[in-house]
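Since the structure comes first, as structure tokens, the remarks are kept for the end.
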Ligand code: LLP
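Numbering (the UniProt record's numbering), first residue to last: 39 to 480.
Here you go:
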């Protein structure tokens, strides 16, 4: 987080709040969210693209209070399920600034979206075109939609989070021009009396640093737009005024990494879209984006308490220190799932980084019953690390809580927001009673 600092005795303060006090008050593992950091990143995207054009991707992390922050910063919201939509509605988020995603939205989700009056539904299949048109017709409304297209870009990121190559489940392919499935989807949407085509959508993947992927996507989406104008005539497409280029802006997970330069990318994308549209004699559409990780990720740390330490010999040469903490893959599955690389610091007292002692190459592991339960694969921790010390893993604000489980019946951690020296619980820690509520047997 931007507002983290070491206090005089070496312990870390986030937004002026001592992590030791937080751990004492709320327990560990604990997600500590620097509210000012979240808001500042939202504001930076708003400055680069225009606030309403930025749809914060709820999947990264959402609760009612965070939906309110997003609203207060003037951003729009991308939801990918009925559950995320329900949180937004509960927060009083203005429906016209909500975009609804998903490759398999249920009928109930489509109904909820239409009844809420969302700003757009991003269409992802032929079945959905017919279903949504029927839902809108039954309610006597016209639903604004975008078509999600697949632009055939190989984003350089982990396979599971890359989405714009051809062989995956999302979107309509634009390959093949007028014979493409995307062209057919546009025909069907334009022929549907209760749907209005307001934009085209492309999302090439997540945790991307190579701006070329976005640029190629922008080129191809504009080319497809030009093709639609040629086929249908511009009068049929007057509502189609937005190109949404999705999310995926890469962040730094460790101090030595450099995040994507968002204002610069925004500039480049605007340039590309403008040039291509002028060349094709089209009105220039507005650009929208859907950042999740880049807004929510960097401002949160997970605080764990060290429970046990074990030095395991490696081939008789050296040893590796396993530091076990009180959470693990249930609060951060990303290391196990994507080989994500995190860093970790001792935060309850001075650390080796202040030159106060020797450090040891360590592996931070959780308390779950499998050896893949690794939080941080390699990091340097003080040689005198001991049970009871607090460790913090940085940049855990996106896709950690939102992908948390209660594996091994570990209760999901609490999420605390800190700001100007004050802490506030956003989500309390789960309890075993919460879990027992699902049980129906006597
Ligand atoms: N828009 C769409 C249509 C998406 O599918 C996603 C992410 C986003 C926006 C936001 O992407 P972001 O800016 O956060 O990269 N669980 C994985 C990430 C999966 C992303 C899924 N879609 C992870 O932990 O890395």
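Note that CB positions come from ideal geometry on N, CA and C, so glycine has one too.
Since we're looking at a predicted model, the values are computed, not measured.
What is the DSSP secondary structure of residue i, reduced to helix, strand or coil?
| i | result |
| --- | --- |
| residue 320 | coil |
| residue 8 | Nothing in the structure corresponds to residue 8, since the chain is present only between 39 and 480. |
| residue 280 | strand |
| residue 347 | strand |
| residue 92 | strand |
| residue 376 | helix |
| residue 267 | helix |
| residue 308 | helix |
| residue 69 | strand |
| residue 186 | strand |
| residue 371 | coil |
| residue 299 | coil |
| residue 362 | strand |
| residue 342 | strand |
| residue 170 | helix |
| residue 46 | coil |
| residue 230 | coil |
| residue 81 | helix |
| residue 126 | helix |
| residue 327 | strand |
| residue 533 | The shown model of the chain, from 39 to 480, leaves out residue 533, and the question about it has no answer. |
| residue 479 | coil |
| residue 409 | coil |
| residue 204 | coil |
| residue 164 | helix |
| residue 131 | coil |
| residue 218 | coil |
Indicate whether residue i and residue j have their beta-carbon atoms separated by less than 7 Å.
| i | j | result |
| --- | --- | --- |
| residue 111 | residue 455 | no |
| residue 283 | residue 224 | no |
| residue 234 | residue 179 | no |
| residue 361 | residue 347 | yes |
| residue 290 | residue 297 | yes |
| residue 68 | residue 451 | yes |
| residue 204 | residue 214 | no |
| residue 173 | residue 461 | no |
| residue 97 | residue 84 | no |
| residue 381 | residue 292 | yes |
| residue 312 | residue 322 | yes |
| residue 345 | residue 404 | no |
| residue 483 | residue 167 | Shown here, the chain extends from 39 to 480; a query on residue 483 therefore has no answer. |
| residue 186 | residue 157 | no |
| residue 247 | residue 286 | no |
| residue 115 | residue 80 | no |
| residue 53 | residue 401 | no |
| residue 387 | residue 49 | yes |
| residue 77 | residue 107 | yes |
| residue 420 | residue 384 | yes |
| residue 147 | residue 121 | no |
From the DSSP secondary-structure annotation, give me the bridge partner or partners of residue i.
| i | result |
| --- | --- |
| residue 315 | Answer is none; residue 315 lacks a bridge partner. |
| residue 56 | 51 |
| residue 239 | 186 and 282 |
| residue 137 | 116 and 158 |
| residue 287 | 246 |
| residue 449 | According to DSSP, which records beta bridges pairwise, residue 449 is partnered with nothing at all. |
| residue 210 | 187 |
| residue 420 | 397 |
| residue 35 | Limits of the chain in this structure are 39 at one end and 480 at the other, which puts residue 35 out of reach. |
| residue 460 | 457 |
| residue 465 | 453 |
| residue 357 | 351 |
| residue 430 | 341 and 383 |
| residue 414 | 402 |
When every heavy atom of ligand 2 is checked, does at least one fall within less than 6 Å of the C-beta of residue i?
| i | result |
| --- | --- |
| residue 437 | Absence of ligand 2 from the depicted structure is noted, with ligand 1 being the only ligands included. |
Tell me, please, whether the stretch 367–386 touches the stretch 434–446 by the rule of three or more beta-carbon pairs shorter than 8 Å.
Contact between the stretch 367–386 and the stretch 434–446 is present, because at least three Cβ pairs lie under 8 Å.
Check whether the stretch 51–63 touches the stretch 89–101, counting contact only when three or more Cβ pairs, one atom from each stretch, lie closer than 8 Å.
No, they do not touch.
Could you say if the stretch 274–294 and the stretch 326–346 meet the contact criterion of at least three C-beta pairs nearer than 8 Å?
Yes, the stretch 274–294 touches the stretch 326–346.
Three Cβ pairs or more, each shorter than 8 Å: is that satisfied between the stretch 101–117 and the stretch 127–134?
By the criterion of at least three beta-carbon pairs nearer than 8 Å, the stretch 101–117 is in contact with the stretch 127–134.
Using 8 Å as the Cβ pair cut-off and three pairs as the minimum, do the stretch 417–437 and the stretch 328–343 touch?
The stretch 417–437 makes contact with the stretch 328–343, as at least three CB pairs between them are under 8 Å.
Check whether the stretch 303–321 and the stretch 240–258 touch, using three or more Cβ-Cβ pairs below 8 Å as the test.
Judged by Cβ distances under 8 Å, the stretch 303–321 makes contact with the stretch 240–258, as three or more pairs qualify.
Would you check if there are 3 or more beta carbon pairs closer than 8 Å linking the stretch 414–423 to the stretch 457–475?
Output reads no: the stretch 457–475 does not touch the stretch 414–423.
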